[in-house]
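Okay, so here's the structure we're looking at.
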Amino acid sequence: MNRVEPKPTLRRFHQASWDEPVIFELSQPGQRGVLPPEVEPALSAETGDVAGSLPAGIRRDVPPALPEMAQLHVLRHYVRLSQENLGVDFNIDVGQGTCTMKYSPKVNDQIARSHKLAALHPLQDESTLQGILAIVYRLQEMLKAISGMDHVSLQPGAGSAAIWANVSMIRAYHTSRGDTARDEVITTIFSHPSNAACAKTAGYRVITLYPDSDGYPDLAALKAAVSERTAALLITNPEDTGIFNPRIDEFVRVVHAAGGLCSYDQANANGILGITRARDAGFDLCHFNLHKTFSTPHGCGGPAAGASCVTDALAPYLPRPVVAFDGQNYFLDDDRPQSIGKVRPFYGVAQNILKAYAWIMSLGADGLREVAEIAVLNNNYLMRKVLEIRGASAPYAKGKRRLEQVRYSWEQLSTDTGIHSEEIGYRAADFGTHYWTSHHPYVVPEPMTLEPTESYSQADLDEYAAILRQIAEEAYTQPELVRTAPHNSTVHKTQPEPFDDPAQWAVTWRAYLRKTGQAKATGGD
C-alpha cells in the first residue's frame, strides 16, 4: 500500500484566469434567460396601469438597457468570476487586517434564506412582523449586556453608519443643552479613520492624537487638546496596532471633566468579548460592527450591519424607530421628538441581524469569552512566528503581547531589498491567500496588518507564516520575482492616478459608455 504523503507547507496554487468581460459586453440582443408568463387579461384589468400611476418625472422614456443573455451564459459568467476570486471560503484570510474576517457558519446563511424572513416586507403591519421584531429586540438586549450600555439601535447599515449615528447623537445632545460652541472632536491616529471622517462630515474640527513611545495614545496630548470646545472623544481600543490602552478610563475622565462625551469604537471587539465593556470604562456611547465581531459576512463590503449603543442620557436621540416591547407585543416606537431621525431605511439589515443573533445564541456568554481568548491566543502565536522572519518587526510595545491583531512593519526588509509591503501583498496572491497593508497614512512604515481571529487552526497559522517567510526569503534572494508578482493569480496592479481624477471616474456601465463615446452606438443611454 502506498504511503499518503503529508500536505506540503506551501501548497501548489494556480488560479483560473478567464479574462472575463463585464456582463454588459456579453449581452446579445434577443437572448433571454427566463420568459415571464403572460398576464391574464382579467388580472391586468384588476391591477390597472401600474406604471401609469407613477409621477411622470420618475417614469422611464425607454426601457433600461439591461444585458440580454441566455441562462447558461449567465451561469458561466458568474462561475468564472467566482473562480477568479479569493475569500474566506477559499483561503486563510488572516491578512484582512482590521476587518475581522472570521468563519461564518453556513447554517446561519440557511436561516437567513428562510422564506419566513425572505417573504417579509418592513411596511407590513407590526402584528404580522412579531418574529423578526422579537429577534431585533433580543439582539438589542444581548448587545446591551455585552457593552454595558442601556439602549441599542440596530438601524445603522454598517460600522461607519453607526459612528455617524453616534456623532449625530453627540451633536444633538450638546445642542439640546444649548452648548453649541463645542465644535471639536478628538480621535487617535490608530483609531479607525471612519471616526475622523464622520466627525469631519458632521462639521467638527478633528484633533488627532499620536502614540507615545510605547504605542499608547498620549495622555498628556489629550489633556492639552481638551477644552470648552471639546464635543467628544472618538477612540478605538484596542487600536489597529492591536495594543489595548489600559488607561482608557483616565482618557474618559479627562474628556468628561471638560464637558465632552466619549464614544468607544468597538469594531475591534473580537479580543475583548466577555472580558471588558465600554460602560466599565465610563463611555457614553459605543458601536459594534455585526459583520465583524458577530460573524455576519461582509459580502464584498456590504451588506453590513452596525449597532449604536448608548446610556440613558443619550437614549432620546437614538435613530427612530426603536424596536420596543410592551410585555405582550413588539412594536416600532416612532414617537421620539428628539431623535436624530433615520440613518437608513426601516429598522436595520434584517438578514444580518438574524445571523448575528443566531451566532450569539449558539455560543452563549461563556462561548463569547472563549472566542476572545482564542482570538488573542491565535494572534500572539502568529506574532511569534512572524517576528522570526527576516526583515519583519512589530513597532511599539516591544516584547509585550497584543490583543486580536498586530500592525507589523517590513521597513527593514524594504531597506535591505527595495521590496515594498504592497509588492509582498501581490506575491501573497500567488499562494492563494490575502494580505493587507493598513489604513493610510502609513504611520507604521511598510505596514502589514494581520488578524487571525478565533476561526483558524494552528496548522492554518503555520501555513500563513510559512508563506510570509517564503516571500521574505524571495525578497532577499530573488527580488525581481516578488517585484513582478503576481504570477499564478488573476489580481493585477492598479494605477492610482485615475482615483484622483474625477474626469476618469465611471461608477456605472452607462457612465463608462458616455465617457468612452459609446453611449449612442450601443444604446447605453
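Be aware that the sequence shown starts at 1028, since it is given in the numbering used here, and climbs by one per residue.
Here a beta-carbon is modelled for each residue, glycine too, at the ideal position from N, C-alpha and C.
Can you grab the Cα-Cα spacing for the pair residue 1259 / residue 1312, in whole Å? As a working mapping, residue 1259 is identified with position 232 in the sequence shown. As a working mapping, residue 1312 is identified with position 285 in the sequence shown. Each residue's alpha carbon lies about 10 Å from the other.
Quick check: the Cα distance between residue 1211 and residue 1538, rounded to an integer number of angstroms? Reading the sequence shown from its first residue, position 184 is the one you call residue 1211. Reading the sequence shown from its first residue, position 511 is the one you call residue 1538. Going by the C-alpha atoms only, they are around 39 Å apart.
C-alpha distance - residue 1079 paired with residue 1064, whole-angstrom precision: Against the sequence shown, residue 1079 aligns to sequence position 52. Against the sequence shown, residue 1064 aligns to sequence position 37. Residue 1079 and residue 1064: Cα-Cα distance of roughly 21 Å.
Nearest to residue 1227 by CA position, among 1049, 1240, 1191, 1249, is which residue? As a working mapping, residue 1227 is identified with position 200 in the sequence shown. Ranking the options by Cα distance to residue 1227, first place goes to 1191.
So residue 1043 is in the alpha helix (DSSP H); what residue range does that whole segment cover? Numbered from 1 along the sequence shown, position 16 holds the residue referred to as residue 1043. Per DSSP, residue 1043 belongs to no alpha helix (DSSP H) and is neither H nor E.
For residue 1333: DSSP bridge partner residues: Looking up residue 1333 in the sequence shown gives position 306. Residue 1333 is bridged to 1316.
Kindly indicate the opening and closing residues of the alpha helix (DSSP H) around residue 1448. Within the sequence shown, numbered from 1, the residue matching residue 1448 stands at position 421. Here the alpha helix (DSSP H) through residue 1448 covers 1448-1456.
For the alpha helix (DSSP H) holding residue 1359, just list the boundary residues, first then last. In the sequence shown, the residue the question calls residue 1359 occupies position 332. Residue 1359 -> not in any alpha helix (DSSP H); beta strand (DSSP E) instead, spanning 1357-1360.
Three or more C-beta pairs below 8 Å linking the segment 1405-1415 and the segment 1336-1344: no
Taking the beta carbon of residue 1294 as the centre, do at least 16 other beta carbons fall within 10 Å, making it buried, or is it exposed? Locating residue 1294 in the sequence shown gives position 267, counting from the first residue. Under this definition residue 1294 is a buried residue.
For a test of the three-state rule: what should DSSP assign to residue 1397, helix, strand or coil? Position 370 of the sequence shown holds residue 1397. It is helical.
Inside the segment 1467-1516 only - alpha helix (DSSP H) runs reaching at least 4 residues: 1485-1504, 1506-1510
Can you tell me where the alpha helix (DSSP H) with residue 1145 in it begins and where it stops? Against the sequence shown, residue 1145 aligns to sequence position 118. 1142-1145 is the span of the alpha helix (DSSP H), which, as asked, contains residue 1145.
Write down the C-beta distance between residue 1189 and residue 1301 rounded to the nearest angstrom, noting that I regard them as a contact closer than 8 Å. Here residue 1189 refers to the residue found at position 162 of the sequence shown. Here residue 1301 refers to the residue found at position 274 of the sequence shown. With 8 Å as the limit, residue 1189 and residue 1301 do not qualify as a contact, their Cβ atoms being about 21 Å apart.
Since residue 1170 is in the alpha helix (DSSP H), which residue starts that stretch and which ends it? As a first step, residue 1170 is located in the sequence shown; it is residue number 143 there, counting from the start. Start and end: 1157-1174.
If residue 1384 and residue 1162 are in contact, beta carbons under 8 Å, what's the gap, nearest whole angstrom? Within the sequence shown, numbered from 1, the residue matching residue 1384 stands at position 357. Within the sequence shown, numbered from 1, the residue matching residue 1162 stands at position 135. Indeed, because the Cβ distance is near 5 Å, the residues count as touching under 8 Å.
Are residue 1320 and residue 1266 close, meaning C-beta to C-beta below 8 Å? Along the sequence shown, read from residue 1 onward, the residue named residue 1320 stands at position 293. Along the sequence shown, read from residue 1 onward, the residue named residue 1266 stands at position 239. Not in contact: residue 1320 and residue 1266 (Cβ atoms no closer than 8 Å).
Top-ranked residue by Cα proximity to residue 1463, from 1279, 1127, 1241: As a position in the sequence shown, residue 1463 is number 436, starting the count at 1. Ranking the options by Cα distance to residue 1463, first place goes to 1127.
Is there at least one non-hydrogen atom of the ligand COA closer than 7 Å to the beta-carbon of residue 1428? Among the components of this structure there are no ligands whatsoever, and the ligand COA is therefore not found.
If we ignore side chains and look at the alpha-carbon of each, how far apart do residue 1160 and residue 1398 end up? Numbered from 1 along the sequence shown, position 133 holds the residue referred to as residue 1160. Numbered from 1 along the sequence shown, position 371 holds the residue referred to as residue 1398. Those two C-alpha atoms are separated by around 27 Å.
Is residue 1552 buried or exposed, if buried means 16 or more other CB atoms sit within 10 Å of its CB? The residue you call residue 1552 lines up with position 525 of the sequence shown. Reliability of the predicted coordinates at residue 1552 is poor, the pLDDT of 43 falling under 50, and the value obtained from them is presented with this limitation in mind. With fewer than 16 Cβ atoms within 10 Å of its Cβ, residue 1552 is classed as exposed.
Taking C-beta to C-beta, are residue 1304 and residue 1184 nearer than 8 Å? If you number the sequence shown from 1, residue 1304 lands on position 277. If you number the sequence shown from 1, residue 1184 lands on position 157. No.
Got a sec, what are the start and stop residues for the alpha helix (DSSP H) residue 1099 sits in? Stepping through the sequence shown from its first residue, residue 1099 is reached at position 72. Run containing residue 1099: 1098-1110, per the alpha helix (DSSP H) assignment.
Taking contact to mean at least 3 C-beta pairs separated by less than 8 Å, is the segment 1447-1466 in contact with the segment 1494-1513? yes
Considering only residues of the same chain and omitting the five flanking positions on each side of residue 1187, which have a CB-CB separation below 7 Å? If you number the sequence shown from 1, residue 1187 lands on position 160. Contacts found: 1221, 1225.
Going by alpha carbons, who is nearest to residue 1433 out of 1515, 1395, 1121, 1102? Locating residue 1433 in the sequence shown gives position 406, counting from the first residue. Checking every option, the nearest Cα to that of residue 1433 belongs to 1121.
Are residue 1426 and residue 1506 close, meaning C-beta to C-beta below 8 Å? The residue given as residue 1426 occupies position 399 in the sequence shown. The residue given as residue 1506 occupies position 479 in the sequence shown. No; because the gap between Cβ atoms is not below 8 Å, this pair is not in contact.
By Cβ distance below 7 Å, which residues in the same chain neighbour residue 1271 in space, the five residues on each side in sequence not counted? Working through the sequence shown from its first residue, we reach residue 1271 at position 244. 1264, 1265, 1430.
By the 10 Å Cβ neighbour count, where 16 or more other Cβ atoms means buried, how is residue 1152 classified, buried or exposed? Walking along the sequence shown from the start, residue 1152 turns up at place 125. The residue is exposed, with fewer than 16 neighbouring Cβ atoms inside 10 Å.
Give the DSSP-derived three-state secondary structure of residue 1095 in the structure shown. Looking up residue 1095 in the sequence shown gives position 68. Correct three-state label for residue 1095: coil.
So, residue 1174 versus residue 1346, is the Cβ gap smaller than 8 Å? Numbered from 1 along the sequence shown, position 147 holds the residue referred to as residue 1174. Numbered from 1 along the sequence shown, position 319 holds the residue referred to as residue 1346. In this structure, residue 1346 does not lie closer than 8 Å to residue 1174 by Cβ.
Under the DSSP definition of a beta bridge, which residues are partnered with residue 1351? Residue 1351 sits at position 324 when you count from the first residue of the sequence shown. Per DSSP, 1358.
Beta-carbon separation of residue 1209 and residue 1280 under 8 Å? Taking the sequence shown and counting its residues from 1, one reaches residue 1209 at position 182. Taking the sequence shown and counting its residues from 1, one reaches residue 1280 at position 253. No, they are not a contact pair.
Alpha carbons only, please: which of 1520, 1284, 1132 is nearest the one belonging to residue 1253? As a first step, residue 1253 must be located in the sequence shown, where it is residue number 226. Nearest of 1520, 1284, 1132 to residue 1253, Cα basis: 1284.
Taking residue 1172 as the reference, give the member of 1541, 1532, 1391, 1449 with the closest Cα. Looking up residue 1172 in the sequence shown gives position 145. Measuring from the Cα of residue 1172, the nearest candidate turns out to be 1391.
Enumerate in chain order the residues of its own chain whose CB-to-CB distance from residue 1110 is below 8 Å, with the five nearest sequence positions on each side excluded. The residue you call residue 1110 lines up with position 83 of the sequence shown. Cβ within range, chain order: 1042, 1043, 1045.
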